[in-house]
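Residue numbers (our numbering), protein chains in the order written: chain S, 1 to 528; chain G, 1 to 326.
Glycine included, every Cβ here is placed at the ideal spot set by N, Cα and C.
Worksheet: the structure to be examined is printed underneath.
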């Protein structure tokens with residue numbers, strides 16, 4: 001009759017927990033509640049993208065800033081859900097960082113744009129030609145008076161004057177035209193900027209000093225070009241800065257396709273976004289169109305004019321279209337962003353990593369291969385060197401690897417490539433505790449003790465060393481966890497679990513097998 | 001089966017030679033550090049690293065030569081780009097690295113897209129018929145300057161904190177002399193390995209920092225097992241000369257030291273040989289760590305304990321000092 005033993009119970013629990021969490025990996029048709037506990041693979045193994053975003057809360061009050069990050073997370077999550085990513089992970093890191101992980105996403109440019117995109121939608125009235133002329137003249141005058149604040153323009157101005165002197169031909173820069181208007185030229189409708197000057201104009205538009213040079217009540221905005229990289233001239237609009245309607249007035253945005261028979265070349269056969277306004281917005285829209293018949297109304301997204309159609313008559317019903325030579329993907333993304341609302345505080349990516357699915361699959365393959373070879377060699381060695389003792393150790397070693405995978409699953413941690421490296425190294429280190437014990441037992445046997453007492457003495461004397469040796473590795477693993485991110489944490493976690501598992505295996509599991517099966521009765525020898 | 005049974009190697013007697021070897025290795029490492037410096041990866045310098053597979057779908061298209069790619073990147077504003085082949089030349093897979101610190105063109109959030117554009121526009125034949133995002137680009141990392149410098153500080157801090165915690169733990173468990181000498185042996189290992197990385201020009205990535213910390217934990221483990229035995233033996237054999245007792249302790253634990261180092265080395269080696277390109281340098285660092293960690297545990301740490309206690313204590317007091325109850 002055997003006594004109840006805590007050791008026996010802990011071994012049973014150890015085996016059951018391991019089996020429970022490993023089953024979903026091996027058995028395909030488990031019930032849902034069980035199968036959902038399946039080991040997750042990290043991005044470096046599965047492929048996908050990871051972006052660390054930094055939220056700039058400097059413009060917000062301390063109270064708003066706290067909420068802003070969480071609000072941003074909510075909006076980003078909504079956008080990603082609509083984009084359709086399986087198992088995305090969006091986490092807050094520290095005070096103002098957000099980690100977004102999108103497994104399996106291969107079109108990373110689209111995904112990144114979707115996350116980063118702000119969509120400040122505004123409707124603004126375009127200035128009449130004479131108003132626009134006045135605005136530009138004022139800007140020229142203001143800039144001429146403060147040329148030293150605009151080094152880029154000052155240089156240009158100097159260059160212009162030199163040309164004038166050189167050629168003695170005053171016509172190249174018409175009298176009265178300032179350095180700013182020399183960058184733009186009259187176009188079909190309004191003004192245009194040639195491709196060479198687009199960058200400079202963009203920089204100026206973002207410059208706060210330049211904004212001061214623009215007379216109050218007005219603003220300048222470039223029109224959208226076909227694609228971000230295309231080298232074409234772009235229209236420049238002078239707009240009334242009053243926001244007639246904004247994204248807040250929007251109730252729904254959706255993508256539609258213009259019929260091929262449409263007379264409007266902007267939408268014929270092309271995707272566009274049709275927007276519906278809330279009741280209040282529709283009323284405002286009606287009012288604006290009523291007051292500005294004959295003028296043009298600019299649809300502005302993030303300070304870029306998407307289109308500026310002529311208002312032919314009062315428009316009731318609160319429907320409008322955003323056209324802008326979109327690809328259907330761009331239109332889809334824009335609709336998502338318009339529907340999910342704007343980020344509360346601007347974000348910028350602090351780091352991005354993209355891992356192709358092929359690389360991930362290769363990593364799993366080579367990682368498992370390395371692990372398997374390492375495991376087989378170590379097991380073979382232990383078997384040869386310690387015979388029965390080695391056999392028991394090998395048995396425990398396999399359990400230990402299973403235990404690491406099971407615990408990762410239980411904690412909902414992900415298995416990363418460094419994590420696999422951690423498991424492989426653990427295989428090498430895990431036998432250490434057993435080696436310490438076995439070597440001690442051998443020494444005791446050499447002194448002529450019986451297997452039973454040699455075993456007891458060996459375990460007793462080796463246990464403290466096992467603790468000492470493992471605690472230091474544990475300290476290193478914890479430091480690693482604290483400082484590391486992503487995959488490195490995965491390594492720290494597997495290392496930690498591996499150390500704990502190997503100590504349990506050596507001091508409890510292997511010992512029990514020894515006590516129960518190997519050193520039975522009055523056997524005189526021990527196969528070690 | 002038994003190896004190294006009842007060995008009686010005079011490790012203590014060999015200590016002068018060991019010290020000379022160690023000093024030479026450390027000096028080489030330090031010189032390497034000062035002369036060549038460390039090759040920090042973009043994790044720390046910030047910048048962009050991209051691995052691209054440029055093998056054309058159409059097999060009649062000749063593979064891109066590394067110089068072609070270099071010229072194209074140079075002409076498009078990235079003269080400092082480092083380009084390497086990954087795998088065999090026929091695979092036409094390249095690793096392109098642009099580090100912010102060296103690049104005149106400031107690396108920004110769009111640099112990776114610019115590089116992709118450059119590649120697709122200049123090598124249309126090689127990209128034709130393949131999905132750029134899925135097939136051509138194997139991986140891309142882009143690290144902003146803030147994250148990079150933070151990481152550098154954090155990782156140095158992590159190594160230092162780990163070392164301090166080790167001293168505290170060993171001090172708590174052993175006499176301070178043991179603790180300090182264990183750390184000296186550890187610093188010895190870390191300096192040599194970092195030195196080897198400096199001399200070979202291998203990159204210091206986050207993974208290498210992780211490897212260094214693992215080595216810190218591992219190497220001290222070996223040392224502690226020997227120290228444990230030394231303390232135990234010193235208590236039992238108070239009358240005998242310290243150096244004799246310590247030498248016996250090293251011999252008694254030798255088979256364990258060699259076996260554990262051996263199994264760990266086997267797994268690290270297996271990782272190095274079969275673990276794929278991503279883990280290659282990591283496994284290399286661990287292999288070095290296991291090797292030097294074992295060497296320093298056997299030849300440096302315990303021998304330093306002997307020399308230090310001999311310098312500070314008389315023989316009889318020395319035993320008392322080292323076995324003081326904590």
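Cβ neighbours of residue 21 (chain S) within its own chain (closer than 7 Å, five residues either side excluded): 37, 406, 409, 410.
DSSP, read as helix, strand or coil, puts residue 97 (chain G) in strand. With a cut-off of 8 Å on Cβ pairs, the region 276–285 of chain S is in contact with the region 304–320 of chain S, counting three or more such pairs. Residue 491 (chain S) has its alpha-carbon roughly 11 Å from the corresponding atom of residue 413 (chain S). In this structure, the straight-line span from the alpha carbon of residue 212 (chain G) to that of residue 39 (chain G) is close to 15 Å.
Residue 127 (chain G) counts as buried, since no fewer than 16 other beta carbons sit within 10 angstroms of its beta carbon. In this structure, the straight-line span from the alpha carbon of residue 75 (chain G) to that of residue 119 (chain G) is close to 12 Å. For residue 194 (chain S), the secondary structure class from DSSP, reduced to helix, strand or coil, is coil. Residues 242, 309 of the same chain have their beta carbon placed closer than 6 Å to that of residue 318 (chain G), with the five preceding and five following residues left out of the count.
In the three-state scheme derived from DSSP, where H, G and I count as helix and E and B as strand, residue 254 (chain S) is classed as strand. Around residue 21 (chain G), no beta-carbon contact reaches into chain S at under 7 Å, the shortest distance being about 25 Å. Per DSSP, residue 71 (chain S) is one residue of the alpha helix (DSSP H) stretching across 62–83. Straight-line measurement puts the Cα of residue 183 (chain S) at about 37 Å from the Cα of residue 107 (chain S). Chain-order list of chain G residues neighbouring residue 439 (chain S): 252, 253, 255, 256, 259, by C-beta distance under 9 Å. DSSP places residue 53 (chain G) in the uninterrupted beta strand (DSSP E) bounded by 47–53. For a Cβ distance threshold of 9 Å, nothing in chain G lies close to residue 118 (chain S): the least Cβ distance comes to about 14 Å. Here residue 495 (chain S) is buried, its C-beta having at least 16 other C-beta atoms within 10 Å. Counting of Cβ neighbours within 10 angstroms places residue 195 (chain S) among the exposed residues, the total staying below 16.
Contacts between residue 56 (chain G) and chain S, judged by CB atoms closer than 9 Å, are missing: the closest CB pair is about 16 Å apart. Nearest to residue 484 (chain S) by C-alpha distance, out of G:286, G:208, G:271, G:283, is G:208. Of the other Cβ atoms in all chains shown, 16 or more fall within 10 Å of the Cβ of residue 218 (chain S); this residue is therefore buried. Here residue 300 (chain S) is bridged, per DSSP, to S:122, S:305. With its beta carbon less than 7 Å from one in chain G, residue 359 (chain S) belongs to the interface. Here DSSP, grouped into helix, strand and coil, assigns residue 369 (chain S) to helix. At a cut-off of 7 Å between beta carbons, residue 397 (chain S) makes no contact with chain G. Residue contact with chain S for residue 162 (chain G): present (Cβ-Cβ distance below 7 Å to some residue of chain S).
Short of 8 Å from the beta carbon of residue 252 (chain S), and not among the five residues preceding or following it, lie these beta carbons of its own chain, in chain order: 275, 276, 339.
Rounded to whole angstroms, the separation of the alpha carbons of residue 355 (chain S) and residue 51 (chain G) is 9 Å.
In this structure, residue 352 (chain S) lies near residue 142 (chain G), with their beta-carbon atoms less than 7 Å apart. The continuous alpha helix (DSSP H) containing residue 249 (chain G) extends over residues 242–274. Judged by DSSP secondary structure, residue 238 (chain S) falls within the beta strand (DSSP E) whose first and last residues are 234–240. Using a Cβ-Cβ distance cut-off of 8 Å, the region 9–17 of chain G and the region 248–257 of chain G are in contact, since at least three pairs of beta carbons, one from each stretch, lie closer than that value. Around the beta carbon of residue 256 (chain G), a 10 Å sphere encloses 16 or more other beta carbons of the protein chains shown; the residue is thus reported as buried. Cβ neighbours of residue 147 (chain S) within its own chain (closer than 8 Å, five residues either side excluded): 153, 154, 157, 179.
In this chain, the beta strand (DSSP E) harbouring residue 142 (chain G) covers 137–143.
Your pair residue 72 (chain S) and residue 51 (chain S) does not check out as a contact, with CB atoms roughly 13 Å apart and the cut at 8 Å.
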